[in-house]
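Here is the structure we will look at.
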Amino acid sequence: MPRKFCAICGKDIDNNAPHFGMCFECYVIEHPLFELAKSFHIKACLDCGRYSKKETWYNTGSGDINEVIEDALHQFLLKSANKSDSIEFKIILNENSFNYSSKDLLVSLDVKIIGWLKENQSILHEEDVAVRIDYELCKNCTNLRGGMYFLSILQIRVSNPIHFNIIDTIINETYAYAEKIFQKDDRQYISKLVDHKNGVDLLLSTNELMNHIVSYLKSKYSFELKRTKKLVGRDTQKGRNLYRLKTLIRLLPFKKNDTITINDDIFHIESISRNKVILRDKLDNKLIKNFTYFFNEKIKIRLRDDN
Ligand SMILES: [Zn+2]
Ligand SMILES: [Zn+2]
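In structure tokens:
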């Protein structure tokens, strides 16, 4: 067999060489495993640490800037350089290159990216990328700081202002419940409370939060519920219509086993079902009334003190 040698460096090569005319070392130099743009630019949110390249904002969980940079590089740079998923990458942030703004925000740095073939770790390549970070507020934090953003309205009403104490309790409980949800997901919050003659409106940041609150209240109170929705726009990112949901909750001014007066007659509340109330009068007569009956402003319902 004739001797074979590398066309670039002249070294002898055998049949295991990756190319008929090149040794392994020269082949890797001529055919880098991946190629990256020399500079990379992202936006990061000042308040929450979400990051973005165009419109969509991504969450890293911790919001830590090093983690943001690594996530963003994987998401926007390395994914497309590794379409066949055959390369494993390691990202090294060069701390000596960290450049901070006057407000102490990391605004630029150099990053070394090392990648190797999963099936043959001796085939590796590295590239340097200059990273720049611009800071602004993401959509969610803009809304949060503005304090007036809402997508759904929860209307809580009683039939008469004398029953406002129920509303006060519900507001306190609902705020505590919403705060817990907000701690886990900062897109869910109560934007504003608006007073009304017979109750309040809670303006909520998402329809999802509305559904959570309604099922939470359902587990504790009896009320009549009416849902309506109104088309308010389109989510172009997700390609679907955006609706503003309105839910009206009308609370019964009593609980099971309460004694009440209706226009001066005394009744005992025997049970409350999904939309009906069973009452007993003094003579032990049974009465069944729809919820709607109790929201008629003309009848006067009062809780008896001897409950
Ligand atoms: Zn060679
Ligand atoms: Zn944010």
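When the sequence shown is numbered by my numbering, its final residue is 402 and no position is left out of the sequence of numbers. Virtual Cβ for every residue (Gly too), placed ideally from N, Cα, C.
Practice item. For Ala167, name the three-state secondary structure that DSSP assigns. Key: The three-state secondary structure of Ala167, taken from DSSP, is helix.
**Study point:** Length of the line joining the Cα atoms of Phe362 and Thr151
**Key:** Distance from the CA atom of Phe362 to the CA atom of Thr151, rounded to whole angstroms, is 58 angstroms.
Exercise for review: Could you pull out every unbroken beta strand (DSSP E) segment of at least 3 residues lying fully inside the region 197 to 223, listed in chain order?
Suggested key: DSSP runs (the beta strand (DSSP E)) wholly in the region 197 to 223: 201 to 212.
**Study point:** Buried/exposed call for Ile108, threshold 16 Cβ in 10 Å
**Key:** Here Ile108 is buried: its Cβ has 16 or more other Cβ atoms, across all protein chains shown, within 10 Å.
Review point. The beta strand (DSSP E) spanning Ser247 covers which residue range?
Key: Where Ser247 is concerned, the enclosing beta strand (DSSP E) stretches over Ser247 to Arg252.
Practice item. Compute the Euclidean distance between the alpha carbons of Asn191 and Asp159, then round it to the nearest angstrom. Key: About 18 angstroms.
Review point. DSSP on Cys236, reduced to helix/strand/coil?
Key: Three-state result, Cys236: helix.
Exercise for review: For the beta strand (DSSP E) containing Cys140, list its first residue and its last residue.
Suggested key: Ser134 to Cys140 is the span of the beta strand (DSSP E), which, as asked, contains Cys140.
Practice item. Drop a sphere of 10 angstroms on the beta-carbon of Lys321, count the other beta-carbons inside from all chains shown, and report buried for 16 or more, exposed for fewer. Key: Lys321 counts as exposed, since fewer than 16 other beta carbons sit within 10 angstroms of its beta carbon.
Review point. Taking 8 angstroms as the line, does the beta carbon of Asp142 fall inside it for any heavy atom of ligand 2?
Key: Within the cutoff, so yes.
Practice item. Name the residue from Glu214, Tyr316, Ser286 and Lys213 whose alpha carbon lies nearest to the alpha carbon of Val253. Key: Taking only the C-alpha atoms, the option nearest Val253 is Tyr316.
Review point. If you draw a straight line from the alpha carbon of Ile248 to that of Lys178, how long is it in whole angstroms?
Key: Cα-Cα distance, rounded: 45 angstroms.
Exercise for review: Hey, could you find the ends of the alpha helix (DSSP H) Phe259 is sitting in?
Suggested key: Annotation for Phe259: the continuous alpha helix (DSSP H) segment containing it runs Phe259 to Lys279.
Review point. Hey, quick one: how far does the alpha helix (DSSP H) through Ile124 stretch, first residue to last?
Key: From DSSP, the alpha helix (DSSP H) with Ile124 extends over Phe119 to Glu125.
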